[in-house]
Amino acid sequence: MATTPSSQPIVHLSNVDKDYKLGAVTVTALRQVSLEIAPGEFTVIAGPSGSGKTTLLNLIGCVDVATRGQVIVAGQDTGKLAEGDLTRLRLNALGFIFQSFNLVGVLDAFQNVEFPLLLQKKMNAAQRKERVMDLLNRVGIAEYAHHRPGELSGGQRQRVAIARALVTLPRIVLADEPTANLDSVTGNQILDLMQELNREGTTFLFSTHDPKVVSRAGRVVRLVDGRIVAEETAEQYQTRQA
Amino acid sequence: MILIHIALRNLLTHKVKSAIVGGLLVFAAFLIIVGLSLISSIDSSMSKSIVNSVAAHIQLQQKGAKDELSIFGQMGSNEIGYIHNFPEIRKALEALPEVAAVVPQGIDSSIVFGGNVLDVKLEALRNAVKAGDKIQTDVVRRHVRRMVALLDDELKNLKGFTDQEKMSDDMKSGLVDVTQANQPAFWDSFDQDPYSHLEFLENKIAKMAIGEDMLMLRYVGTDTERFRQVFDRFEMVDGTPIPPGQRGFLFNKFTYEEQVKHKTARRLDKIRDRLAEGAKVATDEEIKQWIKLNRTQYKEITFQLDDVATDAVKAALQAELASQETDLAKLVDAFMDVNDANFAKRYALFYKVIAPKIRLYGIRVGDTMTINGFSQSGYATTVNVKMFGTFRFHGLDRSTMAGAFNILDLMTYRDLLGYMTADKKAEIAKLQAESGVKELKRDSAEDELFGKGGGEVVEDTSDATPAQAAAATPTDAPAAATPTVVAAGNGGTGAKAFAKSLESHVYSQAEIDGGVIRNIAIMLKPGVDVKDGMIAVNRLIDENKFELKALDWRAASGLVGNFIGVIYAVLAFSIFIIFLVSLVIINNSLVMSTLERTREIGTMRAIGAQRTEILWMFVVEAFVMAIVFGAIGCAFGYGLVAYFGHFGLLAGNDFMVFLSGGPRFYPALPPWGLPVAMLAVMIVTLISTLYPAWLAMRITPLAAMQDSE
Numbered sequence: 001m002a003t004t005p006s007s008q009p010i011v012h013l014s015n016v017d018k019d020y021k022l023g024a025v026t027v028t029a030l031r032q033v034s035l036e037i038a039p040g041e042f043t044v045i046a047g048p049s050g051s052g053k054t055t056l057l058n059l060i061g062c063v064d065v066a067t068r069g070q071v072i073v074a075g076q077d078t079g080k081l082a083e084g085d086l087t088r089l090r091l092n093a094l095g096f097i098f099q100s101f102n103l104v105g106v107l108d109a110f111q112n113v114e115f116p117l118l119l120q121k122k123m124n125a126a127q128r129k130e131r132v133m134d135l136l137n138r139v140g141i142a143e144y145a146h147h148r149p150g151e152l153s154g155g156q157r158q159r160v161a162i163a164r165a166l167v168t169l170p171r172i173v174l175a176d177e178p179t180a181n182l183d184s185v186t187g188n189q190i191l192d193l194m195q196e197l198n199r200e201g202t203t204f205l206f207s208t209h210d211p212k213v214v215s216r217a218g219r220v221v222r223l224v225d226g227r228i229v230a231e232e233t234a235e236q237y238q239t240r241q242a
Numbered sequence: 243m244i245l246i247h248i249a250l251r252n253l254l255t256h257k258v259k260s261a262i263v264g265g266l267l268v269f270a271a272f273l274i275i276v277g278l279s280l281i282s283s284i285d286s287s288m289s290k291s292i293v294n295s296v297a298a299h300i301q302l303q304q305k306g307a308k309d310e311l312s313i314f315g316q317m318g319s320n321e322i323g324y325i326h327n328f329p330e331i332r333k334a335l336e337a338l339p340e341v342a343a344v345v346p347q348g349i350d351s352s353i354v355f356g357g358n359v360l361d362v363k364l365e366a367l368r369n370a371v372k373a374g375d376k377i378q379t380d381v382v383r384r385h386v387r388r389m390v391a392l393l394d395d396e397l398k399n400l401k402g403f404t405d406q407e408k409m410s411d412d413m414k415s416g417l418v419d420v421t422q423a424n425q426p427a428f429w430d431s432f433d434q435d436p437y438s439h440l441e442f443l444e445n446k447i448a449k450m451a452i453g454e455d456m457l458m459l460r461y462v463g464t465d466t467e468r469f470r471q472v473f474d475r476f477e478m479v480d481g482t483p484i485p486p487g488q489r490g491f492l493f494n495k496f497t498y499e500e501q502v503k504h505k506t507a508r509r510l511d512k513i514r515d516r517l518a519e520g521a522k523v524a525t526d527e528e529i530k531q532w533i534k535l536n537r538t539q540y541k542e543i544t545f546q547l548d549d550v551a552t553d554a555v556k557a558a559l560q561a562e563l564a565s566q567e568t569d570l571a572k573l574v575d576a577f578m579d580v581n582d583a584n585f586a587k588r589y590a591l592f593y594k595v596i597a598p599k600i601r602l603y604g605i606r607v608g609d610t611m612t613i614n615g616f617s618q619s620g621y622a623t624t625v626n627v628k629m630f631g632t633f634r635f636h637g638l639d640r641s642t643m644a645g646a647f648n649i650l651d652l653m654t655y656r657d658l659l660g661y662m663t664a665d666k667k668a669e670i671a672k673l674q675a676e677s678g679v680k681e682l683k684r685d686s687a688e689d690e691l692f693g694k695g696g697g698e699v700v701e702d703t704s705d706a707t708p709a710q711a712a713a714a715t716p717t718d719a720p721a722a723a724t725p726t727v728v729a730a731g732n733g734g735t736g737a738k739a740f741a742k743s744l745e746s747h748v749y750s751q752a753e754i755d756g757g758v759i760r761n762i763a764i765m766l767k768p769g770v771d772v773k774d775g776m777i778a779v780n781r782l783i784d785e786n787k788f789e790l791k792a793l794d795w796r797a798a799s800g801l802v803g804n805f806i807g808v809i810y811a812v813l814a815f816s817i818f819i820i821f822l823v824s825l826v827i828i829n830n831s832l833v834m835s836t837l838e839r840t841r842e843i844g845t846m847r848a849i850g851a852q853r854t855e856i857l858w859m860f861v862v863e864a865f866v867m868a869i870v871f872g873a874i875g876c877a878f879g880y881g882l883v884a885y886f887g888h889f890g891l892l893a894g895n896d897f898m899v900f901l902s903g904g905p906r907f908y909p910a911l912p913p914w915g916l917p918v919a920m921l922a923v924m925i926v927t928l929i930s931t932l933y934p935a936w937l938a939m940r941i942t943p944l945a946a947m948q949d950s951e
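As structure tokens, then:
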């Protein structure tokens, strides 16, 4: 778990570039991105397809490293960490919610949520059970604890995924298009849940190009062609879109 | 824990993959279990066959000999060397705590003539004449006359086919002699001078006779008494064991039946055995062939029947065949034309009516047989020896391998071997000089000499007694032990008496041990490992500077000993192939499933699983597969082995009998079989998991995001 005081920003990016090599051609996905995320934020990275939303999320999520510039997550400079340390950082400081839920198909809901705790090896079985059931209750699917993902609806699966992202009490939860694979009613319910969780103290960072999602955000970071073109409120974003 | 859970869940979820991989692993484990059981069982049963019949655990032969000892290997004598100081070696070996017994041996092959029926009849005639028994003389003489007539017919036939110019002079004059003996005049004058007639028949006619079988016999020359005690597979069938210290020959029952028994009777036996196995006369080509031979070779029966017997057999066959036929040849032909329906009855009739009237075995228990050897120095040797009986190696009665060994006493063996040391030759020369005897030309001596030394033939004008003969050869003198000096008295009576007394002469242990031998069989004490035995024996050889080489039974048995190595290699190779195929297929299917699971693995990596944890997940999965499917395969294999271990597997042929150490083969799983099979399956599974695991470890957390954006 991160030890930095909560007043410090959880994420700090300064002048970050990210290049991809596609054969002989170098494609720059992010240019001179600087960004800070403070604890308790409910931030959306908005932008069209290919604008670099996912790349930015990957850098913050420590699954990729910047080509240039500095990415500090939970007080650690990710550019200076080894592969194993990055993994540990992900495990202890970050929670992930994926577009396609990405649950382990052979495990039931309870086991999927428990998985990160097993990787952490910090809790005994009773502690883990308490934590997992607590979260499953919180996301409203405790009764499905022993169903496998295949037996659950999309919304239920994403709730399991949210519970899994939260089970380690991460500093920040990263969600990549979390409602893209859900119908609008279910998507709204998921966003309601996330907002509730945010109000209870969890920091969220989304990527999305869905205006409905953006409208829920406390802060919108607008990305075009790998650059941050604007930082605005949801209202400002919607006005401009209209 | 969660890894095992995921592994198990994966196995259950990916059913097709699990079925393919599982099937292969089950098969591999099954094959290893069954294969190991078969081989180790064959190994142990065959080792029992070999060790307890002839070879014992360890064999010694002369160091630096040209050929390596090969007990079950090539026939005929090979240059395996000689051992002269057996008493000394024996004493040293018997002092070893590992050694249970030491048996001197020499393995060789010689030709034996399997009993000329005419010879036998002529001897009967001579005895009848000598006894002055008019009636008996008459009966036998008529039989001999018929035999001569048949022989004349046969030879005239043969003459028609043969190029006269290529015929040897011996053959030509023989034909003339037989024709002469077939003249009424010859028989009319028989009573006037029976002895000269007999001599003519014995010397000129008998050698032309048909029905003399040449047997190639393989035998172990050995201390017969010790052999009998040490090799526990040995058991007597007919007759008695050779009395301790005496000369004698024991037929292996297998050889005796195969080679010495009357051909027609033997074929009938074979037909009976084959029918008992479920074959049908109508469909079995080999049975048809045997029947054909029995029909065409009716002379093997008719030749042997005298007038009285001919009438009795005729009557019996006429009744059986409901025929008025009076020609015995035609009756026998018809009688031998058996089918599935009448075989049992005719078989019984044959043994009830015909068998007692013919010579069922060319050489019978109690007969004196003549063995024609070919000595190491290159000349022919001939010895007479009494046949005491037949024996078998228990459980190996049907095995051609073990069944080929007959047993001969060491003294006779040495005579046949005719091995001469330089000392011995010098000694004989000295003896010759002292007694003023001259060597006889072999050709002229042959007819008159009976028991004779394997070495040079030496004439002695006085009738030698065995005691004298023994005295002439010091007990420590190797080879040509006793009867170097042989009488050539008038009419051979002295020689016969000599041969008789030789038969009953009892040799001392010192005399038996004292001569040359070819190899030494060492039986280890129960529980002593052959390897440890070898070490002890080799150390002893070094310490005593014996000119010996030690071979374990496997090496000493020749080809057969290697056979087990060959099947091991075959099994190892087929398992290797199975594993190779499994490896490729398992690897392939795991790679496929890894690719399928890319996103899942990426997700695990993203939410904090280390690479090593992914690796472990694969390793655990491999282990789970190996253990589950390996165990299933082992269970199947064990079940099959246990089934046959309980009920036995019929050994299909003689070689199989030898391998399985008995008529049925009982495979058993060696105690190390299970761990070996499981270990092998695990290793193969692990190896086939390496590449997919490596691929999985390379999956980055980015893979979890692949469908975003």
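In order, the protein sequences belong to chains A and B.
Under our numbering, the first residue of the first sequence carries the number 1, and numbering increases by one thereafter.
Under our numbering, the first residue of the second sequence carries the number 243, and numbering increases by one thereafter.
Don't be surprised by glycine CBs; every beta carbon is placed ideally from N, CA and C.
For V770 (chain B), there is no enclosing alpha helix (DSSP H), as DSSP marks it with neither H nor E. Those residues of the region 831-842 of chain B placed with their C-beta closer than 7 Å to a C-beta in chain A are R841 and E842, ordered along the chain.
The three-state secondary structure of Q539 (chain B), taken from DSSP, is coil.
The region 843-856 of chain B makes contact with the region 106-120 of chain A: 3 or more CB pairs, one atom from each, lie closer than 8 Å. At a cut-off of 8 Å between C-beta atoms, R251 (chain B) counts as an interface residue with respect to chain A. The closest CA to that of S312 (chain B), considering only B:L901, B:F805 and B:A797, is found on B:A797. Sequence-distant Cβ neighbours of L103 (chain A) in its own chain, meaning closer than 7 Å and more than five residues away, are N112, P149, R157, V160 and A161. If only uninterrupted alpha helix (DSSP H) runs of at least 4 residues are considered, those enclosed by the region 110-195 of chain A are 125-138 and 154-166. Between the C-alpha atoms of V866 (chain B) and A270 (chain B) there is a straight-line separation of about 16 Å. Our two residues, E753 (chain B) and M458 (chain B), have alpha carbons roughly 28 Å apart in a direct line. Annotation: the continuous alpha helix (DSSP H) that includes R240 (chain A) extends over A234 to Q241. For the region 106-133 of chain A, the residues whose beta carbon sits under 9 Å from a beta carbon of chain B are, in order, V106, L107, Q111, E114, F115, P116, L118, L119 and Q120. V420 (chain B) counts as buried, since no fewer than 16 other beta carbons sit within 10 angstroms of its beta carbon. P912 (chain B) and I783 (chain B) have their C-alpha atoms spaced approximately 34 Å apart. Secondary structure at L793 (chain B): strand, using DSSP grouped into helix, strand and coil.
Between G850 (chain B) and chain A, the shortest Cβ-Cβ separation is below 8 Å. At a Cβ-Cβ threshold of 8 Å, T612 (chain B) and L658 (chain B) do not count as neighbours. Sequence-distant partners of F432 (chain B) (beyond 5 residues in either direction) whose C-beta falls short of 7 Å from its own C-beta, in its chain, are R383 and H439. The criterion of a C-beta distance shorter than 8 Å is not satisfied by T78 (chain A) and L91 (chain A). Looking at the DSSP output, F204 (chain A) shares a beta bridge with A:F42 and A:V173. By the beta-carbon neighbour count (other beta carbons within 10 angstroms, threshold 16), E499 (chain B) is buried.
Looking at the DSSP output, L457 (chain B) sits in a beta bridge with B:V354.
K21 (chain A) is bridged by DSSP to A:T26. Note: V344 (chain B) is bridge-paired with B:I764 in the DSSP secondary-structure output.
Contact with chain A is found for I244 (chain B), since one of that chain's Cβ atoms lies less than 8 Å from the residue's Cβ.
Counted as a single uninterrupted DSSP element, the beta strand (DSSP E) harbouring F630 (chain B) occupies residues A622 to F635. Contacts with chain B at 8 Å (Cβ-Cβ) include N102 (chain A). At the C-beta level, V73 (chain A) and V214 (chain A) stay beyond 8 Å of one another.
The three-state secondary structure of N648 (chain B), taken from DSSP, is strand. Listed along chain A are V63, F96, F98 and N102, each with a C-beta nearer than 8 Å to that of A946 (chain B). For the 8 Å CB-CB criterion, A792 (chain B) and L302 (chain B) form a contact.
Taking 8 Å as the cut-off, the beta carbon of L191 (chain A) is found no closer than this to the beta carbon of R164 (chain A). Counting only the Cα atoms, A644 (chain B) lies some 21 Å from V772 (chain B). L591 (chain B) places its beta carbon 8 Å or farther from that of V574 (chain B). Each residue's CA atom was taken as its position, placing L400 (chain B) and M413 (chain B) some 11 Å apart. Here DSSP, grouped into helix, strand and coil, assigns A910 (chain B) to coil.
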